[in-house]
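S.K.: Please see the structure below; I have some questions.
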């Protein structure tokens, strides 16, 4: 019987502990005189925030619609374009920000303008270029 009564007293103590834990909603717990839980030092937290701000790179360019950012990190360079790291702010996905040089050459069709359009519920990109009536694109 002694063993059974000790089991009952242990269960009641556990139940009391669970009840007091549910009632105490503070982030710190005191057990046997020791404090457990988060202890915040505001000075250190402010320093970490400043370090994060310094690490974050500021965009050096923004698309006309404001969706895309250009960063000052060159990915590649060719004869006609330079590629930079970019960011799609709506999706958070890294993108390539490509900048083409203005080209004027007799063997290159002139590009005038572009826009996005919708035809039959599908998005399209419309390109306005010089009209070339002679020649062919076949090899």
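Numbering (full-length UniProt numbering), first residue to last: 1 to 139. Yeah, the Cβ is synthetic: ideal placement off N, Cα and C, and Gly gets one too.
Which term fits residue 97, buried or exposed, when burial requires 16 or more other beta carbons within 10 angstroms of its beta carbon?
M.R.: Residue 97 sits buried, since 16 or more C-beta atoms from the chains shown fall within 10 Å of its C-beta.
S.K.: DSSP three-state label for residue 57, please.
M.R.: Correct three-state label for residue 57: coil.
S.K.: Counting C-beta neighbours from all protein chains within 10 Å, is the total for residue 80 16 or more, i.e. buried, or is it exposed?
M.R.: exposed
S.K.: Helix, strand or coil: which one does DSSP assign to residue 47?
M.R.: helix
S.K.: Determine the direct distance from the alpha carbon of residue 85 to that of residue 78, and round the result to whole angstroms.
M.R.: 15 Å
S.K.: Which term fits residue 69, buried or exposed, when burial requires 16 or more other beta carbons within 10 angstroms of its beta carbon?
M.R.: buried
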